[in-house]
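When you read off a place in the sequence shown, starting at 1, and then add 25, the result is the number in our numbering.
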Amino acid sequence: MSADTAPNTSPHTTQAERDARALHDDGHSLAPAEIAIGVIIGRTSEFFDFFVYAIASVLVFPKLVFPHLDPLTGTLWSFAIFALAFAARPVGTVIFTAIDRSYGRGAKLTIALFLLGGSTAAIAFLPSYETAGLGAALLLALFRMGQGVALGGSWDGLASLLAINAPEGKRGWYAMIPQLGAPLGLIVASLLFMFLIAALPAQDFLDWGWRYPFFVAFAINVVALFARLRIVVTPEYEQGFANRDLEPAPLLETVRSEWRVIVAGAFAPLASFALFHMVTVFPLSWVFLFTDETPVRFLMIEAIAAVFGVAAIIASGTIADRIGRRTLLGATAAAIAAFSGFAPQLLGAGEVGEAAFMILGFILLGLAFGQSSGALSSNFHPRHRYTGSAFTSDLAWLFGAGFAPMVALWLSSEFGLLAAGAYLLSGAIGTLVALWLNRELARTID
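Structure, rendered in structure tokens:
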């Protein structure tokens, strides 16, 4: 079948998309399992980028970019630049929604993922403070904002397509699938850094060894691009677009019409997003700055704990389908609130305490995070579901996670680890309040 006669061809479709559709048009229906694989690959690549940068923010950038500051202050500045990507994500959504509407989803996704990979690879060539002075920090901030804009544009609607194709009674199961990318990305990033730190002398790692994970991230992005394009060009995706379930609407129109859903959706996952950084980025910084433990050992603990997180995310799908997603979100928020009262102090209780904190934290994170994505997507009008879901995700990450490592590290360094627990408690309270206030959520999510 030629590209010109392919079915369901949108007027917004680019020639590249039509060629890709013709290449992949083998006549078979797109099964939910295929969508799930594409979603997992895409999310794993994004989170691998995320964690490569996060780990380098603790182990590399304070020494490379901020050597003129003390280690704690350098790490806080590194975390401040880390947060720029979350602030830039909504900007990326605005820019790439316009590209999507004008040139098609294939063009949008290709540009976004190459921007993400290019920004990530550019960090691998970052000069040191000794070479570029403050220019090194400015370049790092520029590349980080490039990552954020690209992440805003990389929203492909595949999670929504997966939900649309979910069998009856399996909404919770299919909702957890995109979330698997987070622990999988962390496992790969942690093991890669652990290998490089163990294999190289400290100075070699700081000079050039840390740069390799950023090159790997670019290669993984290319693989993820083709995996996601394989789905984006299918007739089923095109039909969802034609039915307005996956059509990008103007952002201002979406905000005016759906602001209540957007606000509720941004605050409903605060507990899981706050915990996300409390068991990934923050503990690495605390252990590295305030204990004598080597990064290799703690990165191994993170990777092992992330395996528990994978199992908990999978379990969340089954539990949610039995008791309801809203009930599970509320229960896990209450559990996170209880966890915040004692768990951070485990970081100061030696190696056993650290392991207990990480494993318990990842189990709770998996149960909560597994159902936190798109909790309110069904509340959007079909015309606004695609853009509304993307923008809600941007705001949820910004408010719930963007500044978490910096705030938690500053609070704990000034007032002790109990203060970091208070920060986590605030996220749990935010989720409980959002769930209580939004009565519509109670009717639609269960």
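Just so you know, even glycine gets a beta-carbon here, dropped at the ideal spot from N, CA and C.
- It is roughly 21 angstroms from the alpha-carbon of alanine 444 to the alpha-carbon of phenylalanine 292.
- The continuous alpha helix (DSSP H) containing glutamine 370 extends over residues 368–371.
- Contact between alanine 149 and glutamine 396 does not hold, since their C-beta atoms are separated by about 36 angstroms, which reaches or exceeds 8 angstroms.
- For the pair of segments examined, the stretch 307–324 was found to touch the stretch 83–101: the number of CB pairs separated by less than 8 angstroms reaches three.
- Taking C-beta atoms as the reference points, alanine 358 and alanine 393 count as a pair closer than 8 angstroms.
- DSSP places phenylalanine 91 in the coil class of the three-state scheme, outside both helix and strand.
- Spanning the alpha carbons of glutamate 272 and proline 152 requires a straight line of approximately 42 angstroms.
- Less than 8 angstroms divides the Cβ of proline 203 from the Cβ of valine 64.
- For threonine 412, same chain residues with a beta-carbon under 7 angstroms away, outside a window of 5 residues either side, are Thr122, Pro273, Ala274, Leu276, Thr279 in chain order.
- At a cut-off of 4 residues, the continuous stretches assigned as alpha helix (DSSP H) that sit fully inside the stretch 369–440 are 375–394, 410–422, 429–440.
- Rounded to whole angstroms, the gap between the alpha carbons of leucine 354 and alanine 429 is 20 angstroms.
- Distance from the CA of methionine 383 to the CA of alanine 362, rounded to the nearest whole angstrom, comes to 16 angstroms.
- With a beta-carbon spacing of about 4 angstroms, glycine 455 and leucine 295 fall inside the 8 angstroms limit used to define contacts.
- Residue ranges of uninterrupted alpha helix (DSSP H) with 4 or more members, entirely inside the stretch 247–328 and ordered along the chain, are 260–267, 276–292, 295–303, 306–315.
- Bounds of any alpha helix (DSSP H) do not take in leucine 151, whose DSSP letter is neither H nor E.
- Contact between the stretch 124–142 and the stretch 163–182 is established, with three or more Cβ pairs separated by less than 8 angstroms.
- Contact between valine 335 and proline 238 fails: their C-beta atoms lie close to 21 angstroms from each other, not under 8 angstroms.
- In its chain, beyond the 5 residues on either side, Phe91 have a beta carbon closer than 6 angstroms to the beta carbon of tryptophan 102.
- For proline 238, the secondary structure class from DSSP, reduced to helix, strand or coil, is helix.
- Annotation for serine 365: the continuous alpha helix (DSSP H) segment containing it runs 350–365.
- The beta-carbon distance between phenylalanine 104 and methionine 303, rounded to whole angstroms, is 13 angstroms. This is too long to meet the 8 angstroms contact definition.
- Take the alpha-carbon of leucine 163 and the one of leucine 141: they are about 18 angstroms apart.
- Assignment of leucine 167 by DSSP, reduced to helix, strand and coil, places it in the helix class.
- For valine 85, the secondary structure class from DSSP, reduced to helix, strand or coil, is coil.
- In the three-state reduction of the DSSP assignment, tryptophan 102 falls in the helix class.
- Closest option to arginine 408, judged by alpha-carbon separation, among Ala356, Leu442, Glu283, Ala345: Glu283.
- Contact between leucine 89 and tyrosine 154 is confirmed by a C-beta separation of about 7 angstroms, below the 8 angstroms threshold.
- Cβ contact annotation for alanine 447 (same chain, cutoff 8 angstroms, sequence separation greater than five): Ser365, Leu436, in chain order.
- Between isoleucine 388 and alanine 337, the C-beta spacing is below 8 angstroms.
- Cβ contact annotation for threonine 305 (same chain, cutoff 8 angstroms, sequence separation greater than five): Phe76, Ala79, Leu211, Glu327, in chain order.
- Note on geometry: alpha-carbon atoms of glycine 342 and leucine 449 lie some 24 angstroms from one another.
- In this structure, phenylalanine 73 places its C-beta atom within 8 angstroms of the C-beta atom of alanine 242.
- For glycine 452, the closest of Phe416, Leu442, Leu434, Ala360 by C-alpha to C-alpha distance is Ala360.
- Per DSSP, the unbroken alpha helix (DSSP H) holding glycine 455 starts and ends at 442–462.
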